[in-house]
Amino acid sequence: MLSQRLTRVALVTGAAQGIGKAIALRLASDGLKIALNDIQSKGDQLESIAEEIKKSFGSEVYAFPGDVSEERDVEYMVEAVSKGLGSLDVMVANAGISGPLTPILATTKEQWDDILRVNSKGVFLCYKYAAKQMVAQGRSGGRIIGASSVTGKQGMAHTSAYTASKFAVRGLTQVAALEFGQYGITVNAYAPGAIESPMSQAANLSASQVGKAVSNSLPSFSTLGKTGDVAGLVSYLASQESGYITGQTISINGGMYFD
Ligand SMILES: NC(=O)c1ccc[n+]([C@@H]2O[C@H](COP(=O)([O-])OP(=O)(O)OC[C@H]3O[C@@H](n4cnc5c(N)ncnc54)[C@H](O)[C@@H]3O)[C@@H](O)[C@H]2O)c1
0 MLSQRLTRVA
10 LVTGAAQGIG
20 KAIALRLASD
30 GLKIALNDIQ
40 SKGDQLESIA
50 EEIKKSFGSE
60 VYAFPGDVSE
70 ERDVEYMVEA
80 VSKGLGSLDV
90 MVANAGISGP
100 LTPILATTKE
110 QWDDILRVNS
120 KGVFLCYKYA
130 AKQMVAQGRS
140 GGRIIGASSV
150 TGKQGMAHTS
160 AYTASKFAVR
170 GLTQVAALEF
180 GQYGITVNAY
190 APGAIESPMS
200 QAANLSASQV
210 GKAVSNSLPS
220 FSTLGKTGDV
230 AGLVSYLASQ
240 ESGYITGQTI
250 SINGGMYFD
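Quick note: the sequence shown, position 27, residue 26 per numbering that gives the first Met the number 0, numbers continuous.
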């Protein structure tokens, strides 16, 4: 078991905005050292979140811009985090893209490749290099967490590539849990429904649309979920208390869909 005296280190990808930013702030408030990642063009946003974290929580925090779908970026980032902050204990492979809503007949090979590259290959690379580092550290208690989606459990029309990419995260999470369990590492994913974030704003998603789409009368559908709702779940999955949960993709969707 990882000593309680060590300050654990979390790396959050896609942390410049939305769910990733909320997760980074939440893990910092939980007392972890934080490494932030997002694409190069969001370097300034990352730096300002790093400042916010330092000011609010006094945490040690670094920004590592890079593309999660590039193997050398992920390898470098994991190595730099471990050297700079002392270890890597929690990997949150959150970065993802959604792309336009298009039926299969109008979806191009390029759109398909783009979405699978970031959402599936990116998560695979983050899981792989995080686990490699955690195994090399030689101590139990590592936590690897990925971003799936409600569409990782049930297909939604006009989201073929996105749905496939999020089903892939769910399958990968199960395999990684089986393979990394022997090192005391748990691997889980979160499957949000419609969460208020730049991604859902870009897709012009409203609570009433979601409610209609699933013809469900639960009161939770009067609003979209908040990024903090997802961050709360990730906080628990990242904690030492969650050690008996692995291989799961946990829905957080206001009741949009029951597993
Ligand atoms: N918002 C929702 O309703 C919702 C629902 C289900 C699942 N999700 C998933 O949750 C995750 C976060 O979603 P969000 O709503 O915060 O999205 P968002 O678009 O607001 O933020 C995603 C972040 O990932 C970054 N990113 C994209 N490609 C990257 C790459 N190659 N390398 C590094 N960073 C990259 C983006 O720059 C962005 O800052 C995504 O994986 C998304 O698919 C979101």
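Idealized CB from N, CA, C, for every residue including glycine. Remember, predicted model here, so these are calculated numbers, not experimental data.
- request: Determine the burial state of residue 71: buried for a count of at least 16 other Cβ atoms within 10 Å of its Cβ, exposed for fewer.
  value: exposed
Quiz item: Three or more beta-carbon pairs under 8 Å between the segment 20-34 and the segment 78-98, yes or no?
Solution: yes
### Message
Please report the straight-line C-alpha distance between residue 52 and residue 46, rounded to a whole angstrom.
### Response
10 Å
- [ ] Go to residue 145, then tell me how far its beta strand (DSSP E) extends in each direction, as first and last residue.
- [x] 142-146
State the start and end residues of the unbroken beta strand (DSSP E) segment that holds residue 103. Unbroken run through residue 103: none, as it is neither H nor E.
| said: Just list the residues that DSSP pairs residue 10 with in beta bridges. | reply: 34 and 90
Practice item. Decide if residue 180 is buried, meaning its Cβ has at least 16 other Cβ atoms within 10 Å, or exposed. Key: exposed
So is residue 138 in contact with chain B if we call contact Cβ pairs under 7 Å?
Of the chains in the structure shown, none is chain B; there is only one protein chain.
request  = Starting from the C-beta of residue 158, find all residues in its chain whose C-beta is less than 7 Å away, skip the five residues before and the five after it, and write them out in chain order.
outcome  = 100 and 150
Q.
Please report the distance separating the alpha-carbon of residue 242 from that of residue 105.
A. 44 Å
Residue 79 beta carbon less than 7 Å from that of residue 63:
yes
ask   = Can you give the Cα-Cα distance for residue 232 and residue 60, rounded to whole angstroms?
value = 22 Å
Practice problem: Kindly provide the ranges of any beta strand (DSSP E) runs that are 3 or more residues long and lie completely inside the segment 122-194, ordered along the chain. | Solution: 142-146 and 185-191
Taking C-alpha atoms, which residue in 9, 194, 141 and 202 lies nearest to residue 175? 141
Does DSSP put residue 201 in a helix, a strand or coil?
-> helix
Subject >> Alpha carbon of residue 205 to alpha carbon of residue 223, nearest angstrom >> reply: 7 Å
Margin query: Quick check on the DSSP output: what are the complete alpha helix (DSSP H) runs of length 4 or more inside the segment 41-69, in order along the chain?
Written below: 42-56
Excluding sequence positions up to five away, which residues of its chain have a Cβ less than 7 Å from the Cβ of residue 237?
9, 26, 89, 142 and 144
Have a look at 196, 192 and 147 and flag the residue whose alpha-carbon is nearest the alpha-carbon of residue 173.
147
- Message: Looking at ligand 1, does it come within less than 6 Å of residue 199, judged from the CB to the closest heavy atom?
- Response: yes
Worksheet item: Out of curiosity, what's the CA-to-CA distance linking residue 68 and residue 202?
Response: 23 Å
Compare the Cα-Cα distances from residue 250 to each of 166, 56 and 126 and report the closest residue.
166
Would you mind stating whether residue 284 and residue 124 have Cβ atoms separated by less than 7 Å?
-> With the chain covering 0 to 258 only, the question about residue 284 has no answer from this structure.
Item to complete: State the Cα-Cα distance for the pair residue 131 and residue 54, rounded to the nearest angstrom.
Response: 32 Å
Query raised in the report: Do residue 162 and residue 196 have their C-beta atoms closer together than 7 Å?
Result: no
The alpha helix (DSSP H) enclosing residue 244, as first and last residue numbers:
Residue 244 -> no alpha helix (DSSP H), and no H or E assigned at all.
According to the Cβ coordinates, are residue 66 and residue 22 closer than 7 Å? no
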